[in-house]
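Asks:
Residue numbers (mature numbering (1 follows the signal peptide of the UniProt record, and there is no 0)): -17 to -1, 1 to 217.
#1: Quick one, which of 94, 42, 104 and 188 has its alpha-carbon nearest residue 19's?
#2: On the three-state DSSP scale, how would you describe residue 47?
#3: Taking the DSSP output, what are the residues bridged to residue 157?
#4: Which same chain residues end up closer than 8 Å to residue 109 when comparing Cβ atoms and leaving out the 5 residues on each side of it in sequence?
#5: Between the stretch 143 to 161 and the stretch 182 to 189, are three or more C-beta pairs nearer than 8 Å?
#6: Check each candidate in 81, 150, 163 and 147 and name the one with the smallest Cα separation from residue 129.
#7: Select from 45, 153 and 105 the residue whose C-alpha is nearest the C-alpha of residue 64.
#8: Based on DSSP bridge pairs, tell me the residues matched to residue 146.
#9: Using only CA atoms, which one of 161, 151, 142 and 193 lies nearest to residue 69?
#10: Just how far apart, CA to CA, sit residue 106 and residue 133?
#11: Count the other C-beta atoms from every protein chain shown that fall within 10 angstroms of the C-beta of residue 76, then say buried if there are 16 or more, exposed otherwise.
#12: Looking only at its chain, what residues have a beta carbon closer than 6 Å to the beta carbon of residue 71, apart from the 5 residues adjacent to it on each side?
#13: As a quick exercise: from 80, 142, 193 and 56, pick the residue whose alpha carbon is nearest that of residue 33.
#14: With distances taken Cα to Cα, identify the nearest neighbour of residue 127 among 53, 49, 183 and 21.
#15: What number of angstroms, rounded off, separates the C-alpha of residue 81 from the C-alpha of residue 50?
#16: Run through DSSP, which three-state label would residue 241 get?
#17: I need the DSSP call for residue 3, collapsed to helix, strand or coil.
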């Protein structure tokens, strides 16, 4: 399948705070609740594809992601963790930030498609397919494209991981890049939640996606799916 990047509208804000809205569309395991002291039991799971939720009242929610699996330890580190509600009047615009541009040779990339356990379709470049981004005025070095995965929900209005002024979009795409000199990186999205020794190891471009009214028709049949997966579009 060929992945087209030209249709993506990129939003890269500097923001604070976290979304308080409930999302449970990634929940795949049993629900746990904090004890009387508001503490969730630390699990010894090593599965990097463990189920999680956006419901902040349960142990699988954002506040306790680091307790779900050893692969999610990094979720308990830092000041501005996902998910984030972007509040317009609190957002800071930095003139020094460069504009994001996809050059002509970056418009199309041959990828392999997988459906992740947590219902996030994932596109990874095939061998020999390389795509790079350089962040001028921010950090040194080139970042190599690792994958694009999509967050989607059960309803047409709430599917994005992040929100703007409390409003979600049906889907949100994440383009993940890793530092080209990062030799310790294991190429799988579920490993991104682990603890990495360096800083600025990854660049993630978040893209809010809207779906038109004609995008919620009948589900395609098997033949239509095969046609699409071969790289043909209706």
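Even for Gly, the Cβ is constructed at its ideal location relative to N, Cα and C.
If you're wondering where the values come from, they're calculated on a predicted model, not measured in any experiment.
Replies: Let me lay it out:
#1: 42
#2: helix
#3: 132 and 189
#4: 93, 94 and 95
#5: yes
#6: 163
#7: 45
#8: 68
#9: 151
#10: 9 Å
#11: exposed
#12: 148
#13: 56
#14: 183
#15: 37 Å
#16: Outside the shown range of the chain, which is -17 to 217, sits residue 241, and nothing can be said about it.
#17: For residue 3, the predicted structure reports a pLDDT of 32, less than 50, and the residue's modelled location is therefore unreliable. The matter cannot be settled from this model.
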